[in-house]
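The listed protein sequences correspond, in order, to chains A and B. Just so we're aligned: the first sequence equals residues 782 to 1048 in the working numbering. Just so we're aligned: the second sequence equals residues 3 to 289 in the working numbering.
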Amino acid sequence: MFKDITLGQYYPTDSILHKLDPRVKFIGTIAFIIALFLIKGPVGYGFATVVLVTLIRLSKVPFKFMVRGMKAIAVILVITMLFNIFLTPGEKLFSFWILTVTREGVETAVKMAVRLIYLVIGSSLMTLTTTPNQLTDGMEALFAPLKKVHVPVHEISMMMSIALRFIPILMEETDKIMKAQIARGADFESGNFISRIKSMVPLLVPLFVSAFRRANDLAMAMEARCYHGGEGRTQMKPLIYAGRDRIAYGLILLFFAVCVAFAFLGL
Amino acid sequence: MLIELKDVSYVYSKDTVYEVRALDHVNLGIEEGQFIGIIGHTGSGKSTLIQHMNGLMKPTEGQVLYEGEDIWGEKYNLKNLRTSVGLVFQYPENQLFETDVLTDVMFGPKNKGLTPAEAEKRARAALLSVGVAEKYFTTSPFELSGGQKRRVAIAGVLAMDPKVLILDEPTAGLDPQGRDEILGQIRKLHRERGITIVLVSHSMEDVAEYAERIIVVNDGKIPFDGAPREVFSHYKELETMGLAAPEITYVMHELRERGFPVDVNASTVAEAKESILKDLKGGIRRV
């Protein structure tokens, strides 16, 4: 039932993007997203396309995995395009009934669509090449300065990694309990709204019981290993920048600068 | 033939990097009234195999027949099948949810469409047959001990009055006494009510003691299928699959090597005792 859902979206393979420090990828993704909204003309978009295609090639992740994320935004994409096509004032191309299609409308619609698609591909590129644990580690390191203003950065990132870790466990648990109850003749699919909600009780009660038990066990195990929060805690795999990460930062800066330049020139 | 698997294959996460072939062209028949033991190391495909027997999993390829009918046929009633082929999962106590023991056990029979009175009758009988005393009927299932919870959960499946009872490691995590009691009650169900039993276990001693037929699962295939004595005579091959023969079989082999003409295929302590005594009565002879 839930067999197709894997932890995060991580695609395990061995590529230069997988090896990069998560901080670099995080900042790179943000730079890419901002750049997408800066560029205006076809030259800028062409440049972004070249960069994106190169990155996809470098990641060694099959293209169909990137497209998967697109399904989620398909509806938003269509609605945005329709609104832009019909509701942007400007030079009239053709019209029927009360709807008018303008040249500007078509242009913005295409631009918006490209932006949205690139945005999804760009950010899936990060989640596909970075394990959830690396991601939270990276975020913790990037937000470390906020500790100065008493934001519990470490605790937040610990909660995030625990939550992420628990998603597949709870999925599996749900699947198991569901099967066990189906084996006892439970029916989760038919019936009206009320009876369907009622039929959830045999699933939810054991699920909650087990979630609490697991949380309790985890807390005990953490205490048994003297966990006391982030103060003075070192990491098993500390994030250290390597030569390739510095080069990557340089390339990100270059990319961003070029995009800003294109934006100013209106290309 | 009660349950028949014809050329069944099952592939997890098909067409992704995580693709795993859990069952590989399995052919298997289960006759009515048998007591079958299924052994295999963790991840060998045992659990996947038993979930095909009551239609919880649909084979990627192949057919599953119950009483000669294809259970994935268009008009087949899977819900009925699941009440006829009762499946008790590993750690079944995790599926308890009701406010008291009796109501929890009534869940199955009520889903079968029985009246509350009839369901209660069945539940009481099922609870008593697995050794849960009447005084526990009104307590919350969450207050019971691990072994008691396990029994209540087994009763929950038993109350549907299945023809076949499949149990996935029903003794995991129980103490020796609890294990013997549960297995004893399962044997009683088999002998007195003629229920067909399929017992999945990690303990070679348990399956040798209770089962009359052993099915070995390894890498999604069934390399051995037969009487315990026969299956355990392949103990060398079993070891390469991360399994073993019962301890007593090793003792008998050792005795034979030291020159005693004992039965090397004895798979239970009782069989071994008989063979050794027979040998001793004739005076100690060395071959």
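Here a beta-carbon is modelled for each residue, glycine too, at the ideal position from N, C-alpha and C.
query                                                                                                                       : result
Partner residues on chain B for S991(A), Cβ-Cβ distance less than 7 Å                                                       : N96
Per-residue DSSP class, three states only, for L1046(A)                                                                     : helix
Meets three-Cβ-pair contact criterion under 8 Å: the region 168-178 of chain B and the region 84-98 of chain B              : yes
V982(A) beta carbon less than 8 Å from that of F144(B)                                                                      : no
E953(A) versus G110(B) - alpha carbon distance                                                                              : 23 Å
Three-state secondary structure assigned by DSSP to Y12(B)                                                                  : strand
Proximity to K129(B) [Cα-Cα], best of G115(B), D102(B) and N113(B)                                                          : Before going further, note that residue 129(B) is Leu rather than Lys in the sequence given. The option with the nearest alpha carbon to L129(B) is D102(B).
Beta carbon of D9(B) nearer than 8 Å to that of E63(B)                                                                      : yes
Outcome for F783(A) when other beta-carbon atoms lying within 10 angstroms are tallied against a minimum of 16              : Any answer about F783(A) is weak, because its pLDDT of 43 lies below 50 and its placement is not dependable; what the coordinates show is given next. Looking at its Cβ environment, which holds fewer than 16 other Cβ atoms inside 10 Å, F783(A) is exposed.
9 Å Cβ cut-off: residues of chain A touching K81(B)                                                                         : I963, G966 and D968
C-alpha distance - I197(B) paired with V209(B), whole-angstrom precision                                                    : 17 Å
Residues within the region 59-89 of chain B neighbouring chain C, beta-carbon criterion of under 8 Å                        : Considering every chain present, this structure includes no chain C. Its protein chains are A and B.
Residues near A158(B) by beta carbon distance below 7 Å, same chain, minus five either side                                 : Residue 158(B) is actually Gly in this sequence, not Ala. Excluding positions up to five away in sequence, the list reads D106, V107, F109 and G110.
Cut-off 6 Å between Cβ atoms - residues of its own chain near G919(A), not counting five sequence neighbours on either side : P803, R804 and F807
Minimum Cβ-Cβ distance from M162(B) to chain A less than 8 Å                                                                : yes
Spatial distance of L116(B) from E970(A) (CA atoms)                                                                         : 20 Å
Amino acids of chain A, ordered along the chain, whose beta-carbon sits closer than 9 Å to that of K165(B)                  : In chain order: nothing, as chain A lies at least about 14 Å away.
Separation of M243(B) from L927(A), as counted between CA atoms                                                             : 54 Å
For R23(B), three-class secondary structure by DSSP                                                                         : strand
Terminal residues of the alpha helix (DSSP H) in which R153(B) lies                                                         : G148 to L160
Neighbour list for G148(B) in chain A, Cβ cutoff strictly below 9 Å                                                         : Ordered by position in chain A, no residue passes the 9 Å Cβ test against G148(B), which lies about 13 Å from the chain.
Start and end residues, beta strand (DSSP E) containing D170(B)                                                             : V166 to D170
M959(A) versus H54(B): straight-line alpha-carbon distance, rounded                                                         : 16 Å
Residues of the region 96-120 of chain B whose Cβ lies closer than 7 Å to any Cβ of chain A, in chain order                 : N96, Q97, L98, F99, F109, G110, N113 and K114
Backbone secondary structure at E207(B) - three-state DSSP                                                                  : helix
F91(B) in three-state terms, based on DSSP                                                                                  : coil
One or two residues paired with D72(B) in a DSSP bridge                                                                     : L67(B)
C-beta neighbour in chain A for G222(B), strict 8 Å                                                                         : no
Which of helix, strand or coil DSSP assigns to D785(A)                                                                      : Note that D785(A) has pLDDT 40, beneath the 50 cutoff, so the model's placement of it is unreliable and the number below is only indicative. Looking at D785(A) - three-state DSSP - the assignment turns out to be coil, as it is neither helix nor strand.
Beta-carbon proximity check, Y212(B) vs G39(B), cutoff 8 Å                                                                  : yes
C-beta neighbour in chain A for F226(B), strict 8 Å                                                                         : no
Neighbour list for G45(B) in chain A, Cβ cutoff strictly below 9 Å                                                          : Within chain A, no residue comes near G45(B); the closest Cβ sits about 14 Å away, beyond 9 Å.
Endpoints, alpha helix (DSSP H) assigned at D227(B)                                                                         : It is not in any alpha helix (DSSP H) - D227(B) instead sits in the beta strand (DSSP E) that spans K223 to G228.
Integer-rounded CB distance, given that M851(A) should sit under 8 Å from V901(A)                                           : 6 Å
Cross-chain neighbours of I958(A) in chain B, by beta carbon under 7 Å                                                      : N96 and Q97
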